[in-house]
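Chains as they are written, first to last, in the UniProt record's numbering: chain A, 1 to 147; chain B, 1 to 147; chain C, 1 to 147; chain D, 1 to 147; chain E, 1 to 147; chain F, 1 to 147; chain G, 1 to 147; chain H, 1 to 147; chain I, 1 to 147; chain J, 1 to 147. Structure record follows, encoded as structure tokens.
There are 10 protein chains.
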Amino acid sequence: MAIPEITEKLLAAKKAAGVTFADLEAKVGCDEVWIASVIYRQASASKEEATKIVEAIGADPSFIEPLTECPVKGSLDPVIPTDPLIYRFYEIMQVYGMPIKTVVHEKFGDGIMSAIDFTIDVEKEEDPKGDRVKVIMCGKFLPYKKW
Amino acid sequence: MAIPEITEKLLAAKKAAGVTFADLEAKVGCDEVWIASVIYRQASASKEEATKIVEAIGADPSFIEPLTECPVKGSLDPVIPTDPLIYRFYEIMQVYGMPIKTVVHEKFGDGIMSAIDFTIDVEKEEDPKGDRVKVIMCGKFLPYKKW
Amino acid sequence: MAIPEITEKLLAAKKAAGVTFADLEAKVGCDEVWIASVIYRQASASKEEATKIVEAIGADPSFIEPLTECPVKGSLDPVIPTDPLIYRFYEIMQVYGMPIKTVVHEKFGDGIMSAIDFTIDVEKEEDPKGDRVKVIMCGKFLPYKKW
Amino acid sequence: MAIPEITEKLLAAKKAAGVTFADLEAKVGCDEVWIASVIYRQASASKEEATKIVEAIGADPSFIEPLTECPVKGSLDPVIPTDPLIYRFYEIMQVYGMPIKTVVHEKFGDGIMSAIDFTIDVEKEEDPKGDRVKVIMCGKFLPYKKW
Amino acid sequence: MAIPEITEKLLAAKKAAGVTFADLEAKVGCDEVWIASVIYRQASASKEEATKIVEAIGADPSFIEPLTECPVKGSLDPVIPTDPLIYRFYEIMQVYGMPIKTVVHEKFGDGIMSAIDFTIDVEKEEDPKGDRVKVIMCGKFLPYKKW
Amino acid sequence: MAIPEITEKLLAAKKAAGVTFADLEAKVGCDEVWIASVIYRQASASKEEATKIVEAIGADPSFIEPLTECPVKGSLDPVIPTDPLIYRFYEIMQVYGMPIKTVVHEKFGDGIMSAIDFTIDVEKEEDPKGDRVKVIMCGKFLPYKKW
Amino acid sequence: MAIPEITEKLLAAKKAAGVTFADLEAKVGCDEVWIASVIYRQASASKEEATKIVEAIGADPSFIEPLTECPVKGSLDPVIPTDPLIYRFYEIMQVYGMPIKTVVHEKFGDGIMSAIDFTIDVEKEEDPKGDRVKVIMCGKFLPYKKW
Amino acid sequence: MAIPEITEKLLAAKKAAGVTFADLEAKVGCDEVWIASVIYRQASASKEEATKIVEAIGADPSFIEPLTECPVKGSLDPVIPTDPLIYRFYEIMQVYGMPIKTVVHEKFGDGIMSAIDFTIDVEKEEDPKGDRVKVIMCGKFLPYKKW
Amino acid sequence: MAIPEITEKLLAAKKAAGVTFADLEAKVGCDEVWIASVIYRQASASKEEATKIVEAIGADPSFIEPLTECPVKGSLDPVIPTDPLIYRFYEIMQVYGMPIKTVVHEKFGDGIMSAIDFTIDVEKEEDPKGDRVKVIMCGKFLPYKKW
Amino acid sequence: MAIPEITEKLLAAKKAAGVTFADLEAKVGCDEVWIASVIYRQASASKEEATKIVEAIGADPSFIEPLTECPVKGSLDPVIPTDPLIYRFYEIMQVYGMPIKTVVHEKFGDGIMSAIDFTIDVEKEEDPKGDRVKVIMCGKFLPYKKW
């Protein structure tokens, strides 16, 4: 789970600047998860977006350009991640994968939820019995083409 | 990805009865994904819930009891599932795992989203550019205990 | 690489009927690779398409309905297939994966070639030095959504 | 997915020179995917080809010789690549591997498509509903020898 | 099983200071296993806890802050650890996993023992036939939510 | 995670008899987890113990003898179990493996906790904030022999 | 390492007939390793060849046709075979793989030895110090195509 | 597939000296594949052999001694090598492993071909239809000992 | 770890006959571990040896012939066996592999201990502090051939 | 199979001193395999033992202390080692694992051979037909505890 060097430097700058991802969302005008994805080099930004991110955390402008490059994505190691927070998503796929598949096919037909034309949000849902993490994934349904 | 025999029989009964999971949601009073999880033997139902499910699909009452048992969960094979719809969830974990982790920690502190005190919904979001699949996960935040 | 039972029966019927996939392409009006994918339970057909396929190979009409179901896809075993013809596609991904990625990003920006809104054709290119297999993949470019 | 150091330097030179792979295709007289393969050290060039590539991107002549060496090929890590663009080729092999195998055998007999006597092209197909990525693989059919 | 650099430095400081984990338990007021987890970067401390730990081993105050960060957890390599002491826990899971599962379900219903709202103690049980290692795990029972 | 046939039959008998593992503990005079281990064929019983178990659940006496055989142990599949309850023990090993190792070595010297001269208990700890699962492992410390 | 049913039946017939592979080589006019490959369903025979093989071992003529089908090849399990005789070939690849690669490239340029346009012979070399197994592989050199 | 540093230096010296492995075979009086194995640190040379090799490529005498050490052998990574030239040997083992095993047992009885008391030669066989790579393996037959 | 059917039947016969492996050693005149290897289909017997074994356990003579066949060896599953008794040999290899290698090379030169021209004995060493298992492996040293 | 830096330095010192492991056995008064295990950081020595070892090879006294630390054990990579000498132990486990298990259970009951309260010796057995490597493992039998 090697974090790229640029990510470490940008996170250090962000920390030094005392800016949260929620602050970045407000300043940059994009969702905080997406901004985190750019910083973790899982997504590429336009020059304008990269400039806003780098300026918002007070990092060196030399970091702007690298954030616009198309990264090699999917950086977790090992194949089944051991970090408990991340592993739970693997577990959800294992336990609820087939049920979701069945329900999606029944609602939409044969096809998939795109993970590219896709957004993901993380929200805090306050709850007296303990706050809840809400993760909202929304991807275009792509029907299988026949030819 | 061996589907248990009971699942195949219940799905066949459901098909013969012409009932959708959405119908089951209305009849049973539980979410359709959860009902699918019971049928795929990833979740256990109470006797009442199992009875409603089995009756709603017109299956034999002998299926009620097995649905109340605590199953061995997580049935996908191989370790990284090949079915494209299910794989996308693996991909989402790979690409967005670290960004989500960072944002959750910033919002909640050190801990995880529970995959047990957890719900998952699948919705169809109509969109002129192509309908979208919305998957809403909501799990209790569990802070790491110190001792 | 367990072939589903229905696939074996349909292939036997096709053989008995003396029909090639090229014949099926002509009779059904769909590409032969796609028809093979339906028979190998990697794609789902409409009732009309399934009927044409089943009739064209003289199989029992009871096979029509199963061909319309959304299959669990990706049936190769082990994780890196050993069959030489199929392995070569793994090798092509290993050797040419990064070069293709670079060229696609340069031509299209950050995103992927869809494997869902996707067609694949296999053609025979006659060549005096030895005939050639031409595999033409054509998938919609899906740009990464930002949000 | 460790990119060799020489690749990083050549890509940096190419970027500084503002040359695209399409430009290189025109200047070097070879396909852009093949040139990318040479730069990613998946293919070896002749001295003349290497010289043209290195000159076209304005890199140091000391890079010419290394590009003529026979590389150890297939550099992706892990075994099932996580980058979504590259993974789709794994998925295509998983889903369409057996159908392609069947059709190739029917058209050509027992044998394989060579991945050595082989070319691969990437084209942009403009389409009002969204441009498409066209990947054309063309390999000599190699019939199994009997002895 | 790469030990993070900070861990090595803190362990060296601890050794130089001649302090045992049992001493740390007394000085910091937290369990020794938890303190070891903080030092191995498997758990995050509050600023106060981190200060106490760093002071107790006489390390540089610059180490305080890093100990408050939420680490990427689960650092063992390979997937099945080879160190005999650690492997035994894998073996216990293999041999007693199903029996424990059955007994927990019978005692508590469908759900799990949390590994987050969780404590673990290691005690020495003196025994004339040979001292015994006692490991006490105590995690909140989390019943599966239905929805 | 194939449950042996004999296990399924004994569990069915136990269910029909309406006996819990706690009941078995009382009747057989051995810990319930150990009895479950015998039934899951992870431990071997003496003829007397086997007889008591089989009688207590009203199963056929022909099951006595097989329970005395030394089984091939460790039946979980895949290598990293997917069942959430069982996986948590893998996670505990991943997260707390090195901290436990350090503390054990400090308390006992170089050696391990035996998983053979070993007992494991599962207890319910009532707690107003939610009951807790207590798992107590107790294994003989085995110091590394020098020779 | 599941041997196909047809292989088992043909080997049984061959045994009953008291015919060795060397006899088959003489009767069929093809190499004994190739004939063994046909029987193990790793190679496909023409109708004439299949007929000769089936007749030579006195098997039922219904086995002729299946031997002409293009098999899914590469049947060893697990990924690194454990049978000592077969494993040695894995070891040879591990130990001598890079040296062979270097020598082949020096002798032939960039390319490979085909495993399709390929023959393999097994000979007994008598030697007073112990007979030797001679395995002669001979494959067409395939130079990498440039395009 | 990390090449040891000493290998890289010796190969560079060999290149600078303009010596081929065939030249080395003539000068050293050993087979070129074996010499390559020594250089790739898969085999150990005597002092005399090492001296001849090092002198023949004009390398520093300090390299002599390391070549006499018994190396840790088998350096390919990953477990199934991706380099097409080397992979073909894996494929040959997969496809022809069982047929070879059968023929060897029939010719020699139960035992194996040694990969230690073993030689391997690579020859170029000129052929108007395309030159062929001939790989001759010759290992002592080792019968299984009974005791 | 699927035990072959013939093994199960022979073990059942052996049990019914009340014969231990030590008895078999006396009756057959071969080591008990080797006889167990024949029964587990890891070694092949001569007709005479097989006859003695089958008669000594009172099994049907039809079992004689199959015991003379050369088996596919190495039947443990998964790749790293989970049975604690068997796993310990994996652990010994992991922990003492390199030390043994060094000592063997120092004593014998470059080469290996044969696992084919090899015997293995299991003895009980009585010891007041607890009996000990003695496993004596004895294999011919095979020096690496140079050529 | 990364050898720790300290191991490399100690082996270099040992070589410079011209001391064999057999010499070390005589000087230190411990078995040579155990001493090699200490140097390879698979075992920990007492201060006295470490001092003797370090002095016997003429290494710097600063190496004494690190040799007394409890190492993370089991350093082989990959999971199934490729070095032929070490692999043979894996093969022995695969081929003779079940036969040994059966014989041990028959001789001792249910339990294992300890790999901790364990010694291993390597001896040279001179033999006119070729010297033999004798590896004697001797571990305490640990019976499974019942509770």
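Using N, Cα and C, we set each Cβ at its ideal position, and we do this for glycine too. Fair warning: this is a prediction, and the values are worked out from it, not measured in the lab.
{"query": "Would you kindly check if the distance between the Cβ of Leu10/J and the Cβ of Ile39/J is under 8 Å?", "result": "yes"}
{"query": "Take Asp121/I as the anchor and find which of Ala50/I, Trp34/I, Glu106/I, Lys73/I has the nearest alpha-carbon.", "result": "Trp34/I"}
{"query": "What residues match up with Ile80/G in a beta bridge as DSSP calls it?", "result": "Paired residue(s): none; Ile80/G is not in a bridge."}
{"query": "Enumerate, from N- to C-terminal direction, the unbroken beta strand (DSSP E) stretches of 3 or more residues contained entirely within the UniProt domain \"Cyanate lyase C-terminal\" (75 to 147) of chain G.", "result": "111 to 125, 132 to 143"}
{"query": "Please state whether DSSP places residue 229/A in a helix, a strand or coil.", "result": "There is no way to answer for residue 229/A, as the model of chain A reaches only from 1 to 147."}
{"query": "For Ile112/F and Tyr144/J, I'd like the C-alpha separation in whole angstroms.", "result": "16 Å"}
{"query": "Leaving out five residues on either side along the sequence, give the residues of the same chain with a beta carbon under 6 Å from the beta carbon of Ile57/A.", "result": "Ala13, Lys14, Ala17, Val19"}
{"query": "Helix, strand or coil for Glu69/A per DSSP?", "result": "coil"}
{"query": "Taking DSSP as the reference, what is the three-state secondary structure of Pro61/B?", "result": "helix"}
{"query": "Hey, does Ala115/D have any beta-carbon neighbour from chain H nearer than 8 Å?", "result": "yes"}
{"query": "Taking 8 Å as the CB-CB cut-off, is Glu91/G touching chain J?", "result": "yes"}
{"query": "How big is the Cα-Cα spacing for Lys88/G and Ile100/H?", "result": "Rather than Lys, the amino acid found at residue 88/G in this sequence is Arg. Using only the alpha carbons, I get a separation of about 12 Å."}
{"query": "Are Phe108/D and Lys129/C close, meaning C-beta to C-beta below 8 Å?", "result": "no"}
{"query": "Could you pull out every residue in the same chain whose Cβ sits closer than 8 Å to the Cβ of Ile80/I, ignoring the five residues on either side in sequence?", "result": "Tyr87, Tyr90"}
{"query": "Identify, in the order they occur along the chain, each residue of the same chain with its Cβ nearer than 8 Å to the Cβ of Gly74/D, setting aside the five sequence neighbours on each side.", "result": "Gln42"}
{"query": "Could you tell me which chain I residues have their CB closer than 7 Å to the CB of Leu67/J, listed as they occur along the chain?", "result": "Result: empty, since nearest Cβ-Cβ is about 14 Å, beyond 7 Å."}
{"query": "Answer yes or no: does any C-beta atom of chain D fall closer than 8 Å to that of Asp83/H?", "result": "yes"}
{"query": "Since I believe Leu67/C is in contact with Ala45/C (beta carbons under 8 Å), could you give me their beta-carbon distance rounded to a whole number of angstroms?", "result": "5 Å"}
{"query": "Which whole-angstrom value describes the C-beta separation of Thr82/H and Trp147/I, a residue pair presumed to lie in contact below a C-beta threshold of 8 Å?", "result": "Not really, about 29 Å apart at Cβ, beyond 8 Å."}
{"query": "Where does Ile6/F fall in DSSP's three states?", "result": "helix"}
{"query": "So for Asp23/F, helix, strand or coil by DSSP?", "result": "helix"}
{"query": "Less than 8 Å separating the beta-carbons of Phe21/F and Val95/E?", "result": "no"}
{"query": "Just to confirm before moving on: does the CB-CB distance between Ile53/F and Val28/F stay below 8 Å?", "result": "yes"}
{"query": "Below 8 Å between beta carbons: does that hold for Leu24/C and Asp117/A?", "result": "no"}
{"query": "Determine the direct distance from the alpha carbon of Glu5/I to that of Ala59/I, and round the result to whole angstroms.", "result": "14 Å"}
{"query": "Could you check if Ala26/D is buried or exposed, using at least 16 other CB atoms within 10 Å of its CB as the buried criterion?", "result": "exposed"}
{"query": "Since Val54/G meets chain J, which of its residues come closer than 8 Å, beta carbon to beta carbon?", "result": "Those do not exist, as Val54/G stays about 35 Å from chain J at its closest Cβ, beyond 8 Å."}
{"query": "What did DSSP end up calling Ala45/D once you bin it into helix, strand or coil?", "result": "coil"}
{"query": "For chain D, find out if any of its Cβ atoms is closer than 8 Å to the Cβ of Pro78/H; answer yes or no.", "result": "yes"}
{"query": "Please report whether the beta-carbon of Gly29/B lies at a distance below 8 Å from any beta-carbon of chain F.", "result": "no"}
{"query": "Taking a Cβ distance cut-off of 7 Å, strictly less, list which residues of the stretch 126 to 146 of chain B are near chain A, in chain order.", "result": "Gly130, Asp131, Arg132, Val133, Lys134, Val135, Ile136, Met137, Cys138, Gly139, Lys140, Phe141"}
{"query": "Comparing the CB of Pro61/J with every heavy atom of the ligand ADP, is any distance shorter than 7 Å?", "result": "Looking for the ligand ADP in the displayed structure turns up nothing, as the structure carries no ligands at all."}
{"query": "Going along the chain, which residues of its own chain have a beta-carbon closer than 6 Å to the beta-carbon of Met137/G, five neighbours each way excluded?", "result": "Ile120"}
{"query": "Given this structure, state the Cα-to-Cα distance separating Thr7/E from Pro61/J, to the nearest angstrom.", "result": "25 Å"}
{"query": "Under 9 Å between beta-carbons, which chain D residues line up against Gly111/A? List them in chain order, please.", "result": "Within 9 Å Cβ-Cβ: nothing; Gly111/A doesn't reach chain D, min ~13 Å."}
{"query": "So the candidates are Glu65/D, Glu69/D, Met93/D, Pro71/D; which of them puts its Cα closest to the Cα of Leu78/C?", "result": "It should be pointed out that residue 78/C corresponds to Pro in this sequence rather than to Leu. For the residues Glu65/D, Glu69/D, Met93/D, Pro71/D, the minimum Cα distance to Pro78/C belongs to Met93/D."}
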